[in-house]
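Peer 1: Quick one: this structure, given as structure tokens, is what I'll be asking you about.
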Amino acid sequence: MFEYTIKEKILNNKTILVTGAGAGIGKEAAITYAKLGATVILLGKTVSKLEAVYDEILALGLAEPAIIPLDLRGATKQNYIDMSVTIASQYGKLNGALLNASMLGELTPFTQIHEQIFGDVMKVNVNAQYLLAQALIPTLQLAENASLVFTSSGVGSKGRAYWGAYSISKFATEGLMQIIADEYENSTLRTNAINPGATKTAMRASAYPAEDKDKLATPADIMPLYVYLMSDDSLDVNGQTIKAQ
Ligand code: NAP
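Mapped onto the numbering used here, the consecutive letters of the sequence shown carry residue numbers 1111 to 1355.
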């Protein structure tokens, strides 16, 4: 596991957007950030899941989160710009964005990749990430220091049989991250990617339905890296893909 000791209230006064905040790793990250003092903005596809996370955070007596229901498959460039402008006007700045939401599509031999599914995976995992980052950067730059975090995978740097569209999309994610990191190297914005490693979530279960899930890391187990990259302890880290496990 990535070695980092989480300090209490380390994210105090930070506003952090988490995509895919209704389930899996994104849900855990949103609640963890809120517990550490951040005000979180929960973006996701299924409103009921976002509301459940919102309720959980309020029940803990933490800062009231915001909910942004948005399907990354259908959202437009203008949707992202409007969202970013609203965040800027409501909070004055954005200290962090965890771009975590993505879709697996289907695991299939290369010759069988379905054009429609390939297109959907690219739309959600690549186009939406690029448009989100483009729209959010001006609001991230309003913060004294800001952290933009993409989500990659083991198949984002080494291709693997049958992982087709998803693997290709994660290679693109790493490219996107490196380009932004290089362009903003001497600025207040740092950009990195996380490779979560095998983690017990619905996505993992759909990729490996037969495995023993109790042997997997839980989303809670991998939080040290997620917190580190959002905290001021990582101010000098830029352009890296870091393994959470
Ligand atoms: P998950 O449990 O399936 O959660 C994915 C989240 O993304 C859900 O909240 C989902 O919302 C949201 N999402 C999916 N499609 C969306 C769309 N079109 N618009 C908006 N939100 C959408 O997956 P996870 O395992 O936590 O994965 C989180 C990230 O880690 C992903 O980028 C994944 O590629 C990466 N990752 C995971 C593993 C692993 O072992 N779990 C390994 C390597 C990388 P709904 O629930 O509303 O659909």
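Where is the CB? At the ideal position from N, CA and C, for every residue including glycine. As the structure is a prediction and not an experimental result, all values here were calculated from the model.
In chain order, what are the residue ranges of uninterrupted beta strand (DSSP E) at least 3 long that sit wholly in the stretch 1132-1199?
Peer 2: 1149-1154, 1176-1179
Peer 1: Measuring straight from C-alpha to C-alpha, what distance separates residue 1319 and residue 1254?
Peer 2: Numbered from its first residue, the sequence shown carries residue 1319 at position 209. Numbered from its first residue, the sequence shown carries residue 1254 at position 144. Roughly 44 Å separates the two Cα atoms.
Peer 1: Give every residue of the same chain whose Cβ lies closer than 6 Å to the Cβ of residue 1207, excluding the five residues on either side of it in the sequence, and list them in chain order.
Peer 2: For the purposes of this step, residue 1207 is identified with residue 97 of the sequence shown, where counting begins at 1. Around residue 1207, the same chain offers 1127, 1246, 1258 as residues with beta carbons nearer than 6 Å, after the five sequence neighbours per side are excluded.
Peer 1: At which residues does the alpha helix (DSSP H) containing residue 1337 begin and terminate?
Peer 2: Mapped onto the sequence shown, residue 1337 falls at position 227. Run containing residue 1337: 1333-1340, per the alpha helix (DSSP H) assignment.
Peer 1: May I ask whether a heavy atom of the ligand FMN can be found less than 7 Å away from the beta carbon of residue 1237?
Peer 2: This structure lacks the ligand FMN; the ligands present are the ligand NAP.
Peer 1: Taking 7 Å as the cut-off, is the beta-carbon of residue 1285 closer than that to any non-hydrogen atom of the ligand NAP?
Peer 2: The residue given as residue 1285 occupies position 175 in the sequence shown. No, since every heavy atom of the ligand NAP falls outside the 7 Å radius drawn around the Cβ of residue 1285.
Peer 1: Should residue 1183 be listed as close to the ligand NAP, given that the test is whether its C-beta is under 7 Å from any heavy atom?
Peer 2: Counting from one through the sequence shown, the residue named residue 1183 turns up at place 73. Flag set: Cβ of residue 1183 near the ligand NAP.
Peer 1: Which value, in whole angstroms, describes the spacing of the CA atoms of residue 1275 and residue 1308?
Peer 2: The residue you call residue 1275 lines up with position 165 of the sequence shown. The residue you call residue 1308 lines up with position 198 of the sequence shown. When rounded, the distance between both Cα atoms is 18 Å.
Peer 1: Does DSSP classify residue 1316 as helix, strand or coil?
Peer 2: In the sequence shown, residue 1316 corresponds to position 206, counting from 1. It is helical.
Peer 1: Leaving out five residues on either side along the sequence, give the residues of the same chain with a beta carbon under 7 Å from the beta carbon of residue 1141.
Peer 2: Locating residue 1141 in the sequence shown gives position 31, where the first residue counts as 1. Contacts found: 1163, 1166, 1167.
Peer 1: Got a sec? Which residues, its chain only, sit under 8 Å from residue 1329 by beta carbon, not counting five neighbours each side?
Peer 2: Counting from 1 along the sequence shown, the entry for residue 1329 is found at position 219. Closer than 8 Å at the Cβ level, and outside the excluded window around residue 1329, lie 1134, 1135, 1137, 1138, 1139, 1309, 1310, 1311.
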